[in-house]
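Mapping of the sequence shown onto my numbering: position 61 corresponds to residue 48, and the numbering continues sequentially without gaps.
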Amino acid sequence: MKKLSILLILVTLTIVSCKEEKLEPSCLNDKKSELKESSCEDGVQISLYKFQGSNVYLLEKGSCIADGSIEVIDSKCNRLGFLGGLAGSDEIDGVKFYENSSFVEVVWEK
């Protein structure tokens, strides 16, 4: 019985300690406020990606803007660049973004 109790405690601790906590940078609140002002109703969102080992956020202004670009920021809200737009850019820091990143989740949407 004692061994079973110890085993249950260890399993519980392992599960709790392995849980990854996702914390949004506080500067995203300002970005959310800006995006709420968008005239678009569809496609306005902030998405989290892993890129070059770091969390980056894509600020999408919506699908009603023809040739609109998507701003890419880091976890301190520093601008890394833009994707799409008139030029159709697909690179951040000279690296093809979508080929070298992985989608994590949509953090916020209008």
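C-beta: ideal position from N, C-alpha, C; glycine also.
Rounded to whole angstroms, the separation of the alpha carbons of L22 and G30 is 11 Å. Bounds of the alpha helix (DSSP H) holding S20 are 15 to 23.
If the five residues before and after F90 are omitted, its C-beta is found closer than 6 Å to the C-beta atoms of Y36, all from its own chain and listed in chain order.
Beta-carbon to beta-carbon, S76 and L70 are separated by about 6 Å, close enough to satisfy the 8 Å threshold.
Boundaries of the beta strand (DSSP E) around G71: 66 to 71. With contacts defined as CB atoms closer than 7 Å, I79 and V59 qualify as a contacting pair. Excluding five sequence positions before and after S25, the CB atoms of its chain that fall closer than 6 Å to its own CB belong to V31, K48, G49, given in chain order.
When rounded, the separation of the alpha-carbon atoms in E28 and K18 is 16 Å. About 11 Å separates the beta carbons of L67 and I57, which is beyond the 8 Å limit, so they are not a contact pair. By the neighbour-count criterion, in which a residue is buried when 16 or more other Cβ atoms sit within 10 angstroms of its Cβ, L15 is buried.
Here N87 carries a coil assignment [DSSP, helix/strand/coil].
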